[in-house]
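K.L.:
Residue 522 in this note's numbering sits at position 112 of the sequence shown, with consecutive numbering throughout. From the three backbone atoms N, C-alpha and C, an ideal C-beta is built for every residue, glycine too. A quick note: this is a predicted structure, and the numbers were derived from the prediction, not measured. Questions regarding the structure given below will be posed in turn.
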Amino acid sequence: MKSEMQMPINAKMIVHSVVELYDSTKREIANILRSNRIRPASSFAVVADFWSCKVTKDKFLGLRLYLVDEAFTFRSFLLGTRHFKPGYEEREGGIRAPFRSWIKAILADFDVAESDLFGATTDGDPDVKHMMQETLGLQWEWCIPHLTNAATKMACGESSGLDNPDMQELVTKLKRTVFSTNAVEVVGSLFTDLCSVLNPGSKAKNLLQFEAHRFMGLTRVIARALEKWEVLVSWYEERRNKSFRDNEEPDSFPLDGHKLDLEHLLSLFNPITILNRKSQAEDANQVETNFFSRYTDQAKITQRPFIFECQMMLHPRLKNLETLSNVARISNQHLGRQFADANRIAGEVCQQVKRHVREIMLSVVSEQGHDQQATQPEPQPEHFQFASAPTSVFSEELSDLYEAAPVIDPVVAREDPVDAELRKWMTDTSTLTAKPDGTCETLLEFWRRQKESHSYCIIPKAVRLLFSVPTSSAQIERDFGVSGMMVASLRGSTAPHNVDMCSFLNRNRKIVDVCQTPKIAKADIESHIPSNVVVTLDNDNLAHFLASFDTDFSAMENQFSQTSIETENM
């Protein structure tokens, strides 16, 4: 690099550059969101969550926004993670008030109104769920990984109570086996040596640990135990022989006689784990703890938004909802209802799904556009236009005979094309096609093709709205992980607000354009500070916040390299 192109890097320049990059990236994201709104409907979905760093115990809250753009590409942007430590007076009524204040501030920073939000996906945290469902009035759905984890944990009796004592006993024995092989030192490296001898082609040399709060991790633990079953039998046999030689009470193999139980359990957990893993992927193919109560409880049937079921109805192979009807009927029969009652309730569920799809289609139709299209008269040639409207041209008898055309109700004008497209879709035989590379097109690519061929006009907009709702909140947890790594390594030298801005830049790397970042004068730096990082601060704290830009930030030089995409654990 030429010497004249080199510039000294110091703490003040780094901090100043962070604000410039943040402001530029924020503007770019705001422009993307502005150009991909679905007028006049709400356009975006969000995921919000709380998280605590295990190292520093700092608490964060975060917000990630999702959309399907005009090119029918599923996209998401981290709007921000924030150190969450409201003052005593701010927590007077709980954490919901400061939580709401921060959400309003961060949405305003990106020129997004609360009315632009359509749906939300979160875990079952009561504060987060209440904020999304009650305060903001969004169409809320369970995060699928949290749902499967909580539901499986409850079914296996791992929660308080004795709902499934046999399963609890089996899990306890599995934990004891893992602990024994990993912690007992009197046999040295015997387990590792047996793995090398009995499983020479396997790289795994130990059993996996199990954490109850990540219950679906039990699948991998069981799979590893079955893989090392012969090793476990030999290890406990040798340990028993050693106990006899030392005149000690031998320990029995806790899982003796339970191999078949573990195999059956693994066959049940595997498909759930696959669903759990697939739902965490952010791509175009993403597919209440008591989830199926939405098909059996009359109150929930009328209240639930049925987002995932509406997505199913817009799939060319699942649109007739036969699968959904079967699931709803079986769920009701499982509760002891007669076939006729179960069949009736299943029909109600399907009707609710169809009604929700129709309502969403109506919401994306411009009332003004259809009203004008239905009632706007064709322009007359210039020589047919009157210079001024005559007071009376025809007699009263002729005026009564040839009265004016009836005014078209704008609601009817909107409903007619919606119902026509729905009827067309339900009888359409179009299906997903193969792409030139031999792979099958995604559902979003299918609907982009339908829009470009002008086969449908309204349903593609509804698709963009419905499929903007993610199936998982896993991505926001990865965002929190980056914030945690930054605050853990730089907690002694980096102010919280700078960690928040750097986390934002790190998680939106594709949007950050260093070459196109406009310069900001030092005198104007205050006006470009994002309001969401100071929303809960009073004037004294704000002055302290601005003064902190002159503090020592030498450690920030390595901030991005420490959490780069190469080293980040996705």
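(1) Could you check the C-alpha separation between Val924 and Arg485 for me, to the nearest Å?
(2) Should Asn942 go down as buried or exposed, given a rule of 16 or more other Cβ atoms within 10 Å for buried?
(3) Are the beta-carbon atoms of Ala455 and Pro870 separated by less than 8 Å?
(4) Based on DSSP bridge pairs, tell me the residues matched to Ser462.
(5) Just the Cα atoms here: how many angstroms apart are Phe509 and Gly529?
(6) Since Gly529 is in the beta strand (DSSP E), which residue starts that stretch and which ends it?
(7) Would the stretch 465-480 and the stretch 541-557 be scored as touching if the rule is three or more Cβ pairs under 8 Å?
(8) Measure the C-alpha to C-alpha separation of Glu647 and Gln708 and round it to an integer number of angstroms.
(9) On a Cα-Cα basis, can you pick out the residue from Asp519, Arg727 and Gly611 that is closest to His938?
(10) According to DSSP, His493 sits in a beta bridge with which residue or residues?
(11) Applying the criterion that 16 or more other CB atoms from any shown protein chain within 10 Å of the CB defines a buried residue, is Thr849 buried or exposed?
(12) Check whether the Cβ atoms of Ser882 and Thr558 lie closer than 8 Å to each other.
(13) Quick one: what does DSSP say Gln790 is sitting in, helix, strand or coil?
(14) Less than 8 Å between the C-beta atoms of Leu489 and Leu477, yes or no?
(15) Work out the CA separation of Met836 and Val759 for me, nearest whole Å.
(16) Have a look at Ala872 and Glu719 and give me their C-alpha separation to the nearest angstrom.
(17) Bridge partners of Ser599, per DSSP?
(18) May I have the straight-line CA-CA distance separating Thr629 from Pro681, to the nearest angstrom?
(19) Kindly confirm or deny that the stretch 717-731 and the stretch 663-681 touch, where touching means at least three C-beta pairs closer than 8 Å.
(20) What are the start and end residues of the beta strand (DSSP E) that includes Gln549?
(21) For the alpha helix (DSSP H) holding His938, just list the boundary residues, first then last.
(22) Give me the DSSP bridge partner(s) of Val457.
(23) Per DSSP, what kind of secondary structure is Leu557 in: helix, strand or coil?
(24) Helix, strand or coil for Ser865? Go by DSSP, reduced to three states.
(25) To the nearest angstrom, how far is the alpha carbon of Ala593 from that of Lys615?
(26) Taking the Cβ atom as the reference point for each residue, do Lys436 and Pro928 lie within a distance shorter than 8 Å?
(27) Taking only the alpha-carbon atoms, compute the straight-line gap between Leu876 and Phe494 and give it to the nearest angstrom.
(28) So, for Phe796: in the same chain, excluding its five sequence neighbours on each side, which residues have a beta-carbon less than 8 Å away from its beta-carbon?
(29) In this structure, what does DSSP give as the bridge partners for Arg485?
(30) Decide if Gln926 is buried, meaning its Cβ has at least 16 other Cβ atoms within 10 Å, or exposed.
(31) In this structure, how does DSSP classify Leu772 when only helix, strand and coil are distinguished?
(32) Pick helix, strand or coil for Tyr812, following the three-state DSSP scheme.
(33) So for Cys850, helix, strand or coil by DSSP?
(34) Name, in chain order, the residues that DSSP records as bridge partners for Ala844.
(35) CA-CA distance, Ala523 and Phe890?
(36) List the whole-angstrom C-beta distance separating Leu431 from Val922, where the pair is believed to meet the contact cut-off of C-beta under 8 Å.
P.N.:
A quick look at the data gives this:
(1) Counted from its first residue, the sequence shown places residue 924 at position 514. Counted from its first residue, the sequence shown places residue 485 at position 75. Cα to Cα, the separation comes out at about 22 Å.
(2) Reading the sequence shown from its first residue, position 532 is the one you call residue 942. Asn942 is buried by the Cβ-count criterion.
(3) In the sequence shown, the residue the question calls residue 455 occupies position 45. In the sequence shown, the residue the question calls residue 870 occupies position 460. Pro870 sits away from Ala455, with the two beta carbons spaced by 8 Å or more.
(4) In the sequence shown, counting from the first residue as 1, residue 462 sits at position 52. Ser462 is bridged to Lys469.
(5) Start at 1 with the first residue of the sequence shown, and residue 509 comes out as number 99. Start at 1 with the first residue of the sequence shown, and residue 529 comes out as number 119. Annotation: Phe509 to Gly529 spans about 18 Å, alpha carbon to alpha carbon.
(6) By one-based count along the sequence shown, residue 529 stands at place 119. For Gly529, the enclosing beta strand (DSSP E) begins and ends at Leu527 to Thr532.
(7) Touching, no.
(8) Start at 1 with the first residue of the sequence shown, and residue 647 comes out as number 237. Start at 1 with the first residue of the sequence shown, and residue 708 comes out as number 298. The straight-line gap from Cα to Cα measures roughly 57 Å.
(9) One-based indexing of the sequence shown puts residue 938 at position 528. Comparing Cα positions, the closest option is Asp519.
(10) Translated into positions along the sequence shown, residue 493 becomes position 83. Its beta-bridge partners are Phe470.
(11) Taking the sequence shown and counting its residues from 1, the one referred to as residue 849 is at position 439. By the neighbour-count definition (other C-beta atoms within 10 Å, threshold 16), Thr849 is an exposed residue.
(12) In the sequence shown, residue 882 corresponds to position 472, counting from 1. In the sequence shown, residue 558 corresponds to position 148, counting from 1. Going by C-beta atoms, Ser882 is not nearer than 8 Å to Thr558.
(13) Counting from one through the sequence shown, the residue named residue 790 turns up at place 380. Below a pLDDT of 50, predicted positions are generally treated as unreliable, and Gln790, at 41, falls in that range; the measurement from the model is reported next regardless. DSSP, read as helix, strand or coil, puts Gln790 in coil.
(14) Within the sequence shown, residue 489 is the residue found at index 79, counting from 1. Within the sequence shown, residue 477 is the residue found at index 67, counting from 1. Not a contact, by the Cβ cut-off of 8 Å.
(15) As a working note, residue 759 is residue 349 in the sequence shown. As a working note, residue 836 is residue 426 in the sequence shown. Rounded to the nearest angstrom, the two C-alpha atoms are 17 Å apart.
(16) Reading the sequence shown from its first residue, position 462 is the one you call residue 872. Reading the sequence shown from its first residue, position 309 is the one you call residue 719. About 14 Å.
(17) Here residue 599 corresponds to residue number 189 of the sequence shown, with the count starting at 1. Partner(s): none; Ser599 has no beta bridge.
(18) Residue numbering aside, residue 629 sits at position 219 when the sequence shown is read from its first letter. Residue numbering aside, residue 681 sits at position 271 when the sequence shown is read from its first letter. Pairing Thr629 with Pro681, the inter-Cα distance amounts to about 10 Å.
(19) Result no; under three Cβ-Cβ pairs closer than 8 Å.
(20) Residue 549 sits at position 139 when you count from the first residue of the sequence shown. Here the beta strand (DSSP E) through Gln549 covers Gln549 to Trp552.
(21) For the purposes of this step, residue 938 is taken as the residue at position 528 of the sequence shown. Note, His938: premise wrong, no alpha helix (DSSP H); not H, not E.
(22) Here residue 457 refers to the residue found at position 47 when the sequence shown is read from its first residue. Residue pairing of Val457 in beta bridges, as defined by DSSP: Arg474.
(23) Sequence index remark: in the sequence shown, residue 557 carries index 147 (1-based). In this structure, Leu557 counts as helix in the three-state DSSP scheme.
(24) For the purposes of this step, residue 865 is taken as the residue at position 455 of the sequence shown. Ser865: coil per DSSP, three-state reduction.
(25) Here residue 593 refers to the residue found at position 183 when the sequence shown is read from its first residue. Here residue 615 refers to the residue found at position 205 when the sequence shown is read from its first residue. C-alpha of Ala593 to C-alpha of Lys615: approximately 14 Å in a straight line.
(26) As a working note, residue 436 is residue 26 in the sequence shown. As a working note, residue 928 is residue 518 in the sequence shown. No.
(27) For the purposes of this step, residue 876 is identified with residue 466 of the sequence shown, where counting begins at 1. For the purposes of this step, residue 494 is identified with residue 84 of the sequence shown, where counting begins at 1. Their Cα atoms are separated by approximately 31 Å.
(28) In the sequence shown, counting from the first residue as 1, residue 796 sits at position 386. Here Phe796 scores only 37 on pLDDT, less than 50, and its place in the model is too uncertain to base an answer on.
(29) The sequence position of residue 485 within the sequence shown is 75, counting from 1. Arg485 is bridged to Leu477.
(30) Looking up residue 926 in the sequence shown gives position 516. Of the other Cβ atoms in all chains shown, fewer than 16 fall within 10 Å of the Cβ of Gln926; this residue is therefore exposed.
(31) Stepping through the sequence shown from its first residue, residue 772 is reached at position 362. Helix, per DSSP.
(32) Taking the sequence shown and counting its residues from 1, one reaches residue 812 at position 402. Because the pLDDT of Tyr812 is 46, which lies under 50, any placement of that residue in the model is unreliable, and the question is left without a value.
(33) As a position in the sequence shown, residue 850 is number 440, starting the count at 1. In the structure shown, Cys850 falls within a strand segment according to DSSP collapsed to helix, strand and coil.
(34) Walking along the sequence shown from the start, residue 844 turns up at place 434. DSSP lists Cys850 as partners of Ala844.
(35) For the purposes of this step, residue 523 is taken as residue 113 along the sequence shown, with counting starting at 1. For the purposes of this step, residue 890 is taken as residue 480 along the sequence shown, with counting starting at 1. In this structure, the CA atom of Ala523 is about 24 Å from the CA atom of Phe890.
(36) As a first step, residue 431 is located in the sequence shown; it is residue number 21 there, counting from the start. As a first step, residue 922 is located in the sequence shown; it is residue number 512 there, counting from the start. That belief holds up - the Cβ atoms of Leu431 and Val922 are roughly 6 Å apart, short of 8 Å.
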